[in-house]
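Written below as structure tokens is the structure these notes are about.
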Amino acid sequence: MSTASARLHEQFDTSRQQLKASKLGMWTFLATEVLLFGALFCVYSYYRFAFPQGFALGSKHTDVVLGTIETAVLLTSSLTMALAIRAIRLAQRRAAVMLLLITAAFGLSFLGIHAGEYVHEWREHLFPGHRFNDSLRAVNGTEMFFTLYYVMTGLHALHVTIGFCVLLVLAVLTWRGRYSPTYFTPVELGGLYWHLVDIVWIFLFPLFYLVSRT
Amino acid sequence: MNDQAANGFDFSIPSATTLAPSIDGLFYALLALSLFATVAIVAAIVYFSVKYRAGSSADRSDAHGARLNIEDIWIAVPLLLFLIVFVWSAVLYARIFTPPPNTTDIFIVGKQWMWKVQHGSGRQEINEVHVPLGVPVRLVMTSQDVIHAFFVPAFRLKQDVLPGRYTALWFQATKAGVYPLECSEYCGTDHARMGGSVVVLSQEDYERWAAQTLPQSGEKTHS
Amino acid sequence: MSNPSVRTLRLYLLVWLALMMLVALTVASAYVKLGSFNLVASLLISAAKTALVMTLYMELRREHGTVIVFAITGFCWLALMIAPTVADIATR
Amino acid sequence: MSSYLSDGVTLRSWLVTSDHKRIAILFSIAITAFFFVGGLAATLIRIELATPQGDVVSADTYNKLFTLHGIVMVWFFLIPSIPTTLGNFLLPIMIGARDLAFPRLNLASFYIYVAGGIFTVACVIAGGVDTGWTFYTPYSTMFSNSYVLLAAAGVFVVGFSSIFTGLNFIVTVHTMRAPGMKWFRLPLFVWAIYSTSIVMVLATPVLAMVLVLIAIERIAGIGFFDPALGGDPILFQHLFWFYSHPAVYIMVLPAMGVVSEIITCFARKKIFGYTFMVYAIAAIGVIGFLVWGHHMFVSGQSMYSGLVFSLLSFLVAVPSAIKVFNWTATLYKGSISFEAPMIYALGFVGLFLIGGLTGLFLAAAAVDVHLTQTYFVVAHFHYIMVGGAVMAYLGGIHYWWPKITGRLYHERIAQIAAALMFFGFNLTFFPQFVLGYLGMPRRYHEYADRFQMLNVLSSSGAVILALAYVAPLLYLTWSLFRGERAPADPWKAKGLEWTIASPPPTHNFAQPPLVSGKPYDYSPEAQ
Chain D
1 MSTASARLHE QFDTSRQQLK ASKLGMWTFL ATEVLLFGAL FCVYSYYRFA FPQGFALGSK
61 HTDVVLGTIE TAVLLTSSLT MALAIRAIRL AQRRAAVMLL LITAAFGLSF LGIHAGEYVH
121 EWREHLFPGH RFNDSLRAVN GTEMFFTLYY VMTGLHALHV TIGFCVLLVL AVLTWRGRYS
181 PTYFTPVELG GLYWHLVDIV WIFLFPLFYL VSRT
Chain L
1 MNDQAANGFD FSIPSATTLA PSIDGLFYAL LALSLFATVA IVAAIVYFSV KYRAGSSADR
61 SDAHGARLNI EDIWIAVPLL LFLIVFVWSA VLYARIFTPP PNTTDIFIVG KQWMWKVQHG
121 SGRQEINEVH VPLGVPVRLV MTSQDVIHAF FVPAFRLKQD VLPGRYTALW FQATKAGVYP
181 LECSEYCGTD HARMGGSVVV LSQEDYERWA AQTLPQSGEK THS
Chain U
1 MSNPSVRTLR LYLLVWLALM MLVALTVASA YVKLGSFNLV ASLLISAAKT ALVMTLYMEL
61 RREHGTVIVF AITGFCWLAL MIAPTVADIA TR
Chain P
1 MSSYLSDGVT LRSWLVTSDH KRIAILFSIA ITAFFFVGGL AATLIRIELA TPQGDVVSAD
61 TYNKLFTLHG IVMVWFFLIP SIPTTLGNFL LPIMIGARDL AFPRLNLASF YIYVAGGIFT
121 VACVIAGGVD TGWTFYTPYS TMFSNSYVLL AAAGVFVVGF SSIFTGLNFI VTVHTMRAPG
181 MKWFRLPLFV WAIYSTSIVM VLATPVLAMV LVLIAIERIA GIGFFDPALG GDPILFQHLF
241 WFYSHPAVYI MVLPAMGVVS EIITCFARKK IFGYTFMVYA IAAIGVIGFL VWGHHMFVSG
301 QSMYSGLVFS LLSFLVAVPS AIKVFNWTAT LYKGSISFEA PMIYALGFVG LFLIGGLTGL
361 FLAAAAVDVH LTQTYFVVAH FHYIMVGGAV MAYLGGIHYW WPKITGRLYH ERIAQIAAAL
421 MFFGFNLTFF PQFVLGYLGM PRRYHEYADR FQMLNVLSSS GAVILALAYV APLLYLTWSL
481 FRGERAPADP WKAKGLEWTI ASPPPTHNFA QPPLVSGKPY DYSPEAQ
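Chains as they are written, first to last, in my numbering: chain D, 1 to 214; chain L, 1 to 223; chain U, 1 to 92; chain P, 1 to 527.
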């Protein structure tokens with residue numbers, strides 16, 4: 001692996017300072033992502049408090065098997081992402097590229113499963129609006145549950161898609177030897193972003209699929 | 001409408017409910033606190049500006065003697081004053097929001113750009129609310145479309161009127177008369193034209209008025 | 001060639017295993033009638049998963065103190081937003 | 001002697017610059033343009049309100065005017081004003097750095113601001129939006145038939161410019177301070193911009209999401225705040241004000257930083273209680289997030305929430321009080337001179353004091369029941385935003401003008417303009433306090449006859465204020481070309497920015513400066 005080193009931007013004095021700046025910048029950005037999703041979690045909390053039965057009933061109509069598989073897939077993709085960064089640290093370029101592609105594949109399969117769920121839910125008239133199934137609409141808050149379900153998982157899926165593209169780009173650049181054990185900041189930042197997208201799903205899964213299954 | 005001098009310098013509005021004087025009391029207390037603080041600070045600034053202007057021969061020895069205990073004083077004093085004002089306001093706020101048990105209820109529906117009023121006796125009116133004097137009245141309000149706000153400056157009270165739920169506003173009128181009613185939450189094109197008036201009648205006049213079930217707009221009904 | 005700062009493969013797999021077990025636990029907990037404790041349990045499990053991912057996969061433990069504060073601030077502000085909002089509807 | 005202004009004169013060198021100083025100037029031009037757009041809307045509003053009847057513009061046009069005034073002034077002038085102009089220019093220099101941590105992100109932030117501006121201008125051309133800058137539902141989602149989506153898109157986009165600028169400043173202050181520049185040796189301006197950046201970064205994402213929810217509800221016809229679906233319009237207000245109250249601290253905190261710099265320089269004295277001032281800035285930033293409910297005392301929010309928010313609102317007033325006391329104490333035993341920046345700074349202290357004290361009336365929930373949604377609130381926030389933030393912005397522009405442009409402005413004219421602005425401002429907004437107590441509601445196109453006298457006073461004040469705002473545009477532009485050349489330190493001020501040339505070289509410092517002491521080590525010469 002070529003000992004590629006970062007081009008030290010002129011406003012920095014040392015590359016250690018530049019790395020610290022990128023890390024701090026990324027974590028600040030992740031804080032804004034947490035609060036972006038946070039506004040939706042706040043809406044969720046507000047209406048779950050207002051309509052406990054509606055949310056419980058709505059949750060029973062989500063597919064818990066697919067949800068669990070998706071969670072396992074995303075958590076495993078976090079594993080492979082972390083291993084990819086470890087591989088780069090050990091200068092194992094080929095392994096790193098493989099692991100990045102596996103992580104991207106996991107992301108893609110998550111999106112696939114999720115699309116499947118949406119199609120299934122469309123057929124079951126679980127989309128809010130005039131097509132929403134009337135027996136569920138009778139229970140206050142169920143339609144609100146599904147409105148939230150699509151907006152929150154939709155926004156999350158959008159972030160998974162962005163992450164997927166980022167991973168592909170990183171895989172190609174790693175394949176070209178752009179990174180080395182001494183310089184792999186973009187991969188690290190991509191990893192941080194991917195882990196955060198995973199953390200958002202860690203909270204989405206129980207709040208939508210497991211409100212109550214009894 | 002017993003309007004005061006149309007646009008003279010009359011800076012007072014009637015105080016026509018039991019709570020109005022208390023709210024005014026807190027208002028004028030805050031006004032006094034603010035006037036005192038403003039005069040004190042501005043006087044200090046002017047005094048320092050004149051005495052220590054560049055080139056003046058004032059004594060500037062030990063200019064940086066930081067007496068930090070004064071810093072603690074002007075943290076503690078405002079904090080204490082604010083807490084006192086908070087408690088005073090909190091008690092009043094609780095009274096504003098807690099109707100007494102036996103109120104005369106009047107139902108009000110806010111709609112884009114008018115107020116529809118329905119009295120217990122069945123009497124209805126538009127943009128005018130007749131209320132009895134001296135007894136607690138509770139307005140139970142909702143909106144047919146957007147958020148409005150039922151605001152009577154003379155009562156020092158307002159309450160947003162929301163679609164999809166009821167909000168209440170209670171008061172006990174202390175002075176008969178006609179007081180302007182305004183919508184104070186922006187609700188669209190004619191938000192400014194959504195006013196009306198609250199007419200406070202004595203108890204007997206109100207009962208006699210409410211008993212007549214003539215529709216307010218006067219066209220003959222078939223009954 | 002082992003770089004001291006690099007964690008052993010074993011550790012990564014252990015973390016992954018723990019995460020899988022926590023997934024199983026959270027799903028299982030949903031099938032037990034715990035009333036309002038269901039929500040608390042699922043949030044605690046999710047918090048545990050998040051802590052695992054952040055400290056080890058995102059290597060927060062080895063980061064400078066400032067970065068840890070930045071990482072936690074987002075979640076604290078989220079709580080600062082949700083608590084009063086839900087408190088409003090709860091006490092209405 | 002080459003400076004950042006003379007290094008590259010092509011348009012391209014300006015439009016794709018990554019020099020924080022040039023980006024600051026690009027921002028200042030865009031912001032000044034938007035200030036006059038908002039100002040024009042304000043002028044039309046004041047003309048309309050000179051008479052009780054709605055006879056100059058129709059009700060619909062009036063509603064679109066005050067909405068445009070609100071949106072443009074809040075998001076396109078006040079929030080970016082000091083951080084993106086003075087902040088961008090001075091922050092790196094004040095901490096001894098060559099540039100911000102992410103120069104390209106800084107340029108991206110400018111172009112995102114321009115993109116947001118284009119959306120907003122498109123909204124005006126298409127026909128305007130009439131929901132008020134607060135976008136309250138269900139009017140904005142279900143009932144308004146104006147261009148709400150375009151306006152929401154403009155604000156959504158410009159929000160990201162705010163987030164990226166904030167992120168850039170936070171990382172810069174953390175990682176790029178010169179040797180010896182410890183945290184408690186930072187000038188208060190840097191502290192103010194740092195605290196503002198944290199508020200920008202943590203609050204703006206919630207605004208972005210709320211605007212998305214409005215767009216979804218308006219397009220899909222179903223959503224979170226629609227009562228028919230069990231939705232609650234009050235939830236929208238919670239989310240909106242969770243951003244919008246911290247936003248008012250985004251507007252005033254940088255102004256506090258500027259005033260601290262100006263007062264210490266022209267009183268030739270160290271700031272009084274530096275540490276308390278820093279803690280006050282931090283406290284305002286943090287507690288500012290806990291008080292949003294005081295906008296909703298009569299909105300249908302629960303009484304207990306109202307009481308808690310009222311208490312917290314009183315607590316957030318304490319740090320502001322500390323700052324006013326400390327500015328006043330800084331004057332003690334100083335050698336005070338009254339150039340234009342000092343007039344603006346002292347004007348700020350006076351007007352911010354009145355703005356803050358009237359804030360107490362609104363924090364007291366019982367009095368707020370009467371005063372909210374009336375002109376008392378309009379006067380309160382204009383005292384803080386126009387009397388405070390705009391005065392401090394202009395003070396800062398005058399104070400650092402020699403450093404930024406290498407030119408001196410005409411002192412006498414600037415002093416007169418500042419005094420005229422102070423007088424015009426008070427004449428415009430003080431009558432509105434009385435109007436508010438008398439019960440004149442906000443956003444009224446027509447009002448009762450008894451309010452006319454005070455409205456005429458206010459409208460006449462607005463004419464003076466408009467003139468006073470045009471004056472700096474003229475004499476500062478004139479000074480750009482014909483002003484005297486400025487020395488490196490015309491005010492004999494302390495601070496790293498005064499140790500380098502005016503205008504500064506592109507890379508600010510030949511080698512990173514060594515900082516040894518605390519800021520503002522002025523000593524009043526006992527003449």
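Using N, Cα and C, we set each Cβ at its ideal position, and we do this for glycine too.
Query raised in the report: When you check each C-beta in the segment 97-120 of chain L against every C-beta of chain P, which residues fall closer than 9 Å?
Result: 97, 98 and 112
Query raised in the report: Within 9 Å (strictly less), CB to CB, does residue 128 of chain D reach chain P?
Result: yes
Query raised in the report: What are the residues of the segment 273-306 of chain P that lie near chain U, defined by any Cβ-Cβ distance shorter than 7 Å?
Result: 289, 290, 293, 301, 302, 304 and 305
Query raised in the report: Between residue 78 of chain P and residue 447 of chain P, what straight-line distance do the alpha-carbon atoms span, to the nearest angstrom?
Result: 29 Å
Query raised in the report: What's the C-alpha gap between residue 86 of chain L and residue 77 of chain L?
Result: 14 Å
Query raised in the report: Checking contacts by CB at 9 Å: is residue 200 of chain P closer than that to chain L?
Result: no
Requested in this report: Quick one: give me the first and last residue of the beta strand (DSSP E) that residue 129 of chain L is part of.
Outcome: 128-132
Query raised in the report: For residue 71 of chain U and chain P, any beta-carbon pair shorter than 9 Å?
Result: no
Query raised in the report: Does the separation of the CB atoms of residue 377 of chain P and residue 439 of chain P fall below 9 Å?
Result: no
**Report entry** Cα-Cα separation, residue 180 of chain P to residue 282 of chain P
**Finding:** 22 Å
Report task. Return yes when the Cβ of residue 288 of chain P is within less than 9 Å of the Cβ of residue 248 of chain P, no when it is not. Result -> yes
Query raised in the report: On the three-pair Cβ rule with 8 Å, is the segment 237-247 of chain P touching the segment 189-198 of chain P?
Result: no
Report task. Taking residue 412 of chain P and residue 486 of chain P to be in contact with their CB atoms under 8 Å, please state how far apart those CB atoms are, rounded to whole angstroms. Result -> That belief does not hold up - the Cβ atoms of residue 412 of chain P and residue 486 of chain P are roughly 17 Å apart, past 8 Å.
Query - Straight-line Cα distance separating residue 139 of chain L from residue 31 of chain P - result: 47 Å
Requested in this report: Specify the secondary structure class of residue 197 of chain L as computed by DSSP and reduced to three states.
Outcome: strand
Query raised in the report: Does DSSP classify residue 188 of chain D as helix, strand or coil?
Result: helix
**Report entry** DSSP-derived helix/strand/coil call for residue 183 of chain L
**Finding:** strand
Query raised in the report: Expressed to the nearest angstrom, what Euclidean distance is found between the alpha-carbon atoms of residue 39 of chain L and residue 46 of chain P?
Result: 30 Å
Query raised in the report: Could one say the Cβ of residue 235 of chain P lies closer than 9 Å to chain U's Cβ atoms, at least one of them?
Result: yes
Query raised in the report: Pick from U:20, U:12 and U:90: whose alpha carbon is nearest that of residue 69 of chain D?
Result: U:20
Report task. Count the C-beta pairs between the segment 62-81 of chain D and the segment 32-50 of chain D that are closer than 8 Å, then say yes if the count reaches three, no if not. Result -> no
Query - Cβ-based neighbour list, residue 198 of chain P, same chain, cut-off 8 Å, excluding 5 preceding and 5 following - result: 166, 170 and 285
Report task. Please list the partners that residue 328 of chain P has in chain L, where partner means a Cβ-to-Cβ separation under 8 Å. Result -> 41, 44, 45 and 48
Requested in this report: Give me the Cβ distance between residue 41 of chain U and residue 54 of chain U, rounded to the nearest whole Å; I'm assuming they're in contact under 8 Å.
Outcome: About 20 Å separates the two Cβ atoms, so there is no contact after all.
Query - Boundaries (first-last residue) of the beta strand (DSSP E) holding residue 143 of chain L - result: 136-143
Requested in this report: Under 9 Å between beta-carbons, which chain P residues line up against residue 38 of chain D? List them in chain order, please.
Outcome: 205, 206 and 209
Report task. Return the residue from the list P:93, P:141 and P:364 that minimises the CA-CA distance to residue 211 of chain P. Result -> P:141
**Report entry** Neighbourhood of residue 480 of chain P by C-beta, 7 Å cutoff - its chain only, sequence neighbours within 5 removed
**Finding:** 405 and 407
Requested in this report: Report yes if the C-beta distance between residue 10 of chain D and residue 61 of chain D is below 9 Å; otherwise report no.
Outcome: no
Query - Cβ separation of residue 176 of chain L and residue 133 of chain L, assumed to be a contact under 8 Å, to the nearest whole Å - result: 5 Å
Report task. Name the residue from P:393, P:293 and P:196 whose alpha carbon lies nearest to the alpha carbon of residue 235 of chain P. Result -> P:293
Query raised in the report: So is residue 246 of chain D buried or exposed if we call it buried at 16+ other beta carbons inside 10 Å?
Result: Because chain D here runs from 1 to 214, residue 246 of chain D falls outside it and cannot be looked at.
**Report entry** Where residue 458 of chain P sits in the DSSP three-state scheme
**Finding:** helix
Query raised in the report: Between residue 91 of chain U and chain D, is there a C-beta pair that is closer than 9 Å?
Result: no
Query raised in the report: Does DSSP put residue 205 of chain P in a helix, a strand or coil?
Result: helix
Query raised in the report: Per DSSP, what kind of secondary structure is residue 167 of chain L in: helix, strand or coil?
Result: strand
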